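Numbering (the numbering used here), first residue to last: 2 to 577.
Glycine included, each C-beta is placed from N, C-alpha and C at the ideal position.
Because the structure is a prediction, the values reported are computed rather than measured.
Single-structure report; data block below.
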Ligand code: HAS
Ligand code: HEM
Ligand code: CU
């Protein structure tokens with residue numbers, strides 16, 4: 002049998018009403034699926050937080066028949082939590098968000114059949130991977146390091162999901178290339194620029210994971226090969242695993258640059274700087290993965306050091322973003338009468354839950370980013386690696402900078418996509434404040450425990466408590482436990498608002514809630530001829546992607562080559 006031919010990805014012929022409505026519907030499906038995954042993933046989190054408070058909730062969970070099957074052990078729950086939150090939620094949200102926005106900004110009519118095809122393919126991938134996850138046949142945590150071995154069905158489902166995201170990338174990138182052909186001499190609109198740069202980055206980033214899963218893990222789990230090389234697999238994993246964090250972050254940056262200033266009552270500071278930040282992410286996101294492998298043997302410290310310096314370099318566009326977005330917020334507060342070095346902060350539109358959630362997400366990222374620089378430092382890494390410090394770090398990056406931003410975005414995006422009005426708006430504001438407060442408590446508790454030497458990924462509430470009592474960490478343990486309760490309340494409030502909104506009747510024309518596109522203090526000329534040198538040099542995204550690929554190969558081939566030459570086939574293990 003032959004597979005049906007894929008529909009063509011789209012034509013640059015302008016979005017008419019019917020295709021706009023259709024596009025909104027696809028985006029809505031992606032976003033709602035994302036938040037369903039988050040709902041399940043987040044409900045498991047408090048159990049883990051209690052674990053880090055020394056309270057073992059799992060014997061009680063095991064008494065509830067339905068839960069016994071899906072959270073059969075600490076590690077099955079932790080796998081579901083990591084996969085659903087970090088991998089599924091983010092990928093589905095971004096596939097809707099960064100499909101819709103660039104096509105809309107370019108005014109390109111997409112093939113809706115193709116868009117639906119990728120949605121259903123991603124969903125099939127997810128449901129396929131869910132079967133072994135729920136049957137305890139894939140309790141390998143969200144990083145699935147071999148020699149821990151899962152059912153092949155898990156790896157196949159994950160591969161289908163990632164492949165679907167690459168098709169979304171392809172649809173957006175091809176639409177942009179088509180737009181460039183029909184708009185010679187024009188500068189890509191900034192929102193489309195950011196979207197296309199993110200997708201190009203993801204395509205290069207995904208090469209490592211695709212090679213690992215298709216080349217090593219699937220044949221191995223099917224029994225076609227006797228074993229797998231754990232070091233090579235980890236290295237390919239982190240080729241993708243680091244830049245995937247920017248695939249989670251950049252969709253939030255799109256909003257911080259393009260929409261948040263308007264929501265705050267101000268303007269984007271500089272279009273050119275926004276483009277520069279995304280161009281730098283495109284080039285420098287991928288060639289840094291060894292900062293997750295400082296402790297791995299058989300990789301020379303020279304290469305680890307090179308990846309460390311490149312990591313410091315990829316922090317630069319985030320620092321650019323910090324100053325650029327702070328300037329935009331200050332501009333907004335000034336327009337509202339705010340004055341003073343920091344006094345302006347009070348004048349932001351703190352009644353608006355969408356703005357507030359995103360600003361709080363940004364505040365959390367100041368600490369998350371600072372912690373990241375510590376992790377990246379070869380000399381500090383041995384102190385924090387594999388300790389509770391690391392989950393502390395990533396709950397204020399992906400768990401807040403990303404998640405709280407996405408949550409806050411839905412307060413306008415869902416009404417915009419559906420024509421429904423935000424329900425229970427008075428609960429929206431406390432939901433984002435509680436999420437922020439809960440995650441800050443969590444971060445203090447977990448970073449602190451990590452410094453005391455408490456390991457991550459450890460069912461330590463079931464372990465003998467003597468050693469933990471001797472550490473004198475009662476305060477951070479209590480903070481972590483309390484944070485789990487605060488976060489549970491925050492999540493329940495947020496999902497109440499979201500579900501009520503989704504289930505309410507359609508009231509308006511969806512365009513009644515407009516996309517809050519910001520003007521810029523320094524806009525860019527729409528034509529390349531009139532644009533600044535910065536805009537002209539950052540415009541050729543395909544050339545930048547080529548440079549990114551080249552740099553990545555340059556810093557990875559000398560690391561991977563010797564591993565292939567000395568391939569160690571290790572048989573699989575099942576631990577839980
Ligand atoms: Fe990370 C581990 C280094 C960023 C996520 N990271 C992780 C893991 C995850 C993760 C999930 O070098 C765990 C993986 C695992 O399971 O093993 N990380 C970094 C560095 C950065 C960084 C250098 N991480 C992120 C982001 C993530 C994320 C973003 C998700 C979204 N990370 C590491 C390292 C490890 C690691 C090591 C391995 C650790 C180990 O030993 O295992 C940088 O990209 C950070 C740069 C960020 C900044 C901050 C800029 C601030 C901004 C906000 C400004 C705020 C304003 C508000 C303007 C420099 C943009 C003003 C408001 C007012 C009201 C005034
Ligand atoms: C791991 C709690 C929300 C992503 C953990 C751990 C705790 C925790 C205590 C560490 C477990 C361990 O190392 O043994 C919570 C709570 C949440 C929450 C209380 C909110 C109710 C989130 C969100 C995300 C996220 C929103 C991402 C979008 C992760 C990931 C892991 C993790 C990727 C690592 C799993 C692993 O090590 O394999 N969570 N979390 N969490 N969490 Fe969360
Ligand atoms: Cu990293």
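- Of the residues assessed, residue 574 falls on the exposed side of the cut-off, its CB having fewer than 16 other CB atoms within 10 angstroms.
- CA-CA distance, residue 327 to residue 345, rounds to 11 angstroms.
- The three-state secondary structure of residue 309, taken from DSSP, is helix.
- Within 7 angstroms of the C-beta of residue 536 there is not a single heavy atom belonging to the ligand HEM.
- The shortest C-alpha to C-alpha distance from residue 474 to any of 237, 235, 54 is the one to 54.
- DSSP places residue 190 outside both helix and strand once states are collapsed to three, so it counts as coil.
- Between residue 465 and residue 75, the alpha-carbon positions lie close to 16 angstroms from each other.
- The DSSP-derived three-state label of residue 68 is helix.
- By the criterion of at least three beta-carbon pairs nearer than 8 angstroms, the stretch 377 to 389 is not in contact with the stretch 400 to 410.
- Unbroken beta strand (DSSP E) runs of no fewer than 3 residues, entirely contained in the stretch 107 to 142, are not found.
- For residue 521, the enclosing beta strand (DSSP E) stretches over residues 521 to 523.
- Approximately 6 angstroms separates the beta-carbon atoms of residue 268 and residue 521; this is inside 8 angstroms, confirming the contact.
- Inside the stretch 243 to 301, DSSP marks whole alpha helix (DSSP H) runs of 4 or more residues at positions 244 to 259, 261 to 265, 272 to 285, from first to last along the chain.
- Look at the beta carbons and you see the stretch 419 to 439 touching the stretch 486 to 501: at least three pairs across the two are nearer than 8 angstroms.
- When secondary structure is reduced to three states using DSSP, residue 147 falls in the coil class, being assigned neither helix nor strand.
- Residue burial annotation: residue 199 is buried, with at least 16 other C-beta atoms found within 10 angstroms of its C-beta.
- With at least 16 other beta carbons inside 10 angstroms of its own, residue 285 counts as buried.
- Residue pairing for residue 456: DSSP places it in a beta bridge opposite 388.
- By the neighbour-count definition (other C-beta atoms within 10 Å, threshold 16), residue 70 is an exposed residue.
- With respect to residue 314, residue 305 sits apart: the two C-beta atoms are not nearer than 8 angstroms.
- Going by beta carbons, residue 494 and residue 443 fall outside the 8 angstroms limit.
- Under the three-pair Cβ rule at 8 angstroms, the stretch 174 to 188 does not count as touching the stretch 217 to 234.
- A straight line joining the alpha-carbon of residue 24 with that of residue 104 spans about 9 angstroms.
- Between the ligand HEM and the CB of residue 209, the shortest heavy atom gap is not smaller than 7 angstroms.
- Note on residue 455: 16 or more other CB atoms within 10 angstroms of its CB, so buried under the neighbour-count rule.
- Taking non-hydrogen atoms of the ligand HEM into account, the C-beta of residue 482 is found less than 7 angstroms away from none of them.
- Each residue's CA atom was taken as its position, placing residue 32 and residue 414 some 9 angstroms apart.
- At a cut-off of 3 residues, not a single continuous stretch assigned as beta strand (DSSP E) sits fully inside the stretch 192 to 227.
- By the criterion of at least three beta-carbon pairs nearer than 8 angstroms, the stretch 57 to 72 is not in contact with the stretch 120 to 133.
- The beta carbon of residue 45 is closer than 7 angstroms to those of 72, 78, 81, 82 in its chain, skipping five residues each way along the sequence.
- Residue nearest to residue 514 within the set 27, 410, 396 is 410 (criterion: CA-CA distance).
- The ligand HAS has a heavy atom closer than 7 angstroms to the beta-carbon of residue 320.
- The alpha carbon of residue 48 has as its nearest neighbour, out of 38, 533, 59, 39, the alpha carbon of 59.
- Rounded to the nearest whole angstrom, the C-alpha separation of residue 349 and residue 265 is 6 angstroms.
- Residue 378 and residue 309 have their alpha carbons spaced roughly 7 angstroms apart.
- Contact between the stretch 425 to 440 and the stretch 456 to 463 is absent, with fewer than three C-beta pairs closer than 8 angstroms.
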